[in-house]
């Protein structure tokens, strides 16, 4: 390892300072002391960080039930960067290697110390990788493990032009299925059609319930939903016999008052179809990550997978609140990524 004197004495990170409802007011950038790697660790210079708006908002509201934490706490998860220092026991990685990391609290900062065994070596530190790890991994594990996807099925994907959605659309289509993509504009619908989607539905101009009732009377074998609200309700209504609805988020309802549900209890709609609703949070299925990441990277490097990064530029830790708001407003086409300062 290079001498610590060659590194900055401090670096910056973006933290949650209090719980509340205003993301900008609840967060700030602070300086933190440089930390050398442990014997089995590496230090990574973060270059691009992925944005997970729902997770960030739920952290702010202290609504992430599967993680116990207090404020202040670090934010950000997925990053691509380069190794700048290695511990003495690390033999498979070296300074200068491009890597991807995926750990709560490691994303929104200039540098991080990471366990070398949890590093994903990559060809180059490009923002496209953040669409695959972990977002694409969520799509792959969700469809294959939670949704039990096979072939010849009818599969609907909400937020189909988003970071997770556009990957899920391609994975479902490549597996030999008929894919329905739900998106909020004609532009986004055109985008998902270009990725192989068989039927794109603009949920702001078309009646999703009527489209599914008319065009898909046999129902949906799998529905992959990250939107919630009325989209969730419609997808429940249109599950096929033994259909599965995967819940991987609820962006339309985050930070908003709970709505009164006036329909019957959902199991009255599920029982006679032997259908199911399956919650899916990626950290609960870590045993499937390495295989999914390896296969996704191989597909991307072979040109079999189109990876979309939203073209809106966000630069530096200062841009994080704006990037989170942009994502939560549903403006994105593909993965929202922040280019951190001092990229190498």
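Residue numbers (my numbering): 956 to 1299.
In this text, a Cβ means the ideal position worked out from N, Cα and C, and glycines have one as well.
Query: In three-state DSSP terms, what is residue 1002?; Result: strand
Query: Can you list the alpha helix (DSSP H) stretches of 4 or more residues lying completely in the region 968-1051, in chain order?; Result: 1008-1015
Query: Measuring CB atoms only, is the region 1070-1084 touching the region 1171-1191, in the sense that at least three cross pairs come out at less than 8 Å?; Result: no
Query: Which ranges does the beta strand (DSSP E) cover as unbroken runs of at least 3 residues, wholly within the region 1210-1282, from first to last along the chain?; Result: 1231-1234
Query: So what's residue 1086 in DSSP terms, helix, strand or just coil?; Result: helix
Query: In terms of residue numbering, what span does the beta strand (DSSP E) encompassing residue 1056 cover?; Result: 1053-1057
Query: Would you grab the beta carbon distance between residue 964 and residue 972 for me? Rounded to a whole angstrom, and I think it's under 8 Å.; Result: No, residue 964 and residue 972 are not in contact; Cβ-Cβ is about 23 Å, not under 8 Å.
Query: Could you tell me whether the Cβ atoms of residue 1287 and residue 1117 are closer together than 9 Å?; Result: yes
Query: Would you call the region 1061-1070 and the region 1028-1041 touching, i.e. three or more CB-CB distances under 8 Å?; Result: yes
Query: Apart from the five residues just before and just after residue 1291, which ones in its own chain have a Cβ nearer than 6 Å to its Cβ?; Result: 1006, 1265, 1278, 1282
Query: Could you name the residues of the same chain whose beta carbon sits closer than 6 Å to that of residue 1276, not counting the 5 residues immediately before and after it, in chain order?; Result: 978, 979
Query: Given this structure, state the Cα-to-Cα distance separating residue 1223 from residue 1115, to the nearest angstrom.; Result: 28 Å
Query: Could you tell me whether the region 983-1000 touches the region 1036-1048, where touching means 3 or more Cβ pairs closer than 8 Å?; Result: yes
Query: Would you kindly report the start and end of the unbroken beta strand (DSSP E) that includes residue 1120?; Result: Residue 1120 -> not in any beta strand (DSSP E); alpha helix (DSSP H) instead, spanning 1118-1129.
Query: Taking all protein chains shown into account, decide if residue 1180 is buried (16 or more other Cβ within 10 angstroms of its Cβ) or exposed.; Result: buried
Query: Taking the straight line between their C-alpha atoms, what separation do you get for residue 975 and residue 1260?; Result: 39 Å
Query: Do residue 1133 and residue 1164 have their beta-carbon atoms positioned less than 9 Å apart in this structure?; Result: no
Query: DSSP has residue 1157 in a bridge; who is on the other side?; Result: 1138
Query: Is residue 1094 closer than 9 Å to residue 1120 when the C-beta atoms are compared?; Result: yes
Query: Can you tell me where the alpha helix (DSSP H) holding residue 912 begins and where it ends?; Result: Residue 912 lies beyond the residue range present for the chain, which begins at 956 and ends at 1299; the question has no answer from this structure.
Query: CB residue 1039 to CB residue 1096, shorter than 9 Å?; Result: no
Query: Cα separation between residue 1200 and residue 1191?; Result: 7 Å
Query: Does the Cβ of residue 1107 have 16 or more other Cβ atoms within 10 Å, making it buried, or fewer, making it exposed?; Result: exposed
Query: Following the continuous alpha helix (DSSP H) through residue 1176, name the residue where it begins and the one where it ends.; Result: Unbroken run through residue 1176 is the beta strand (DSSP E), 1175-1180; no alpha helix (DSSP H).
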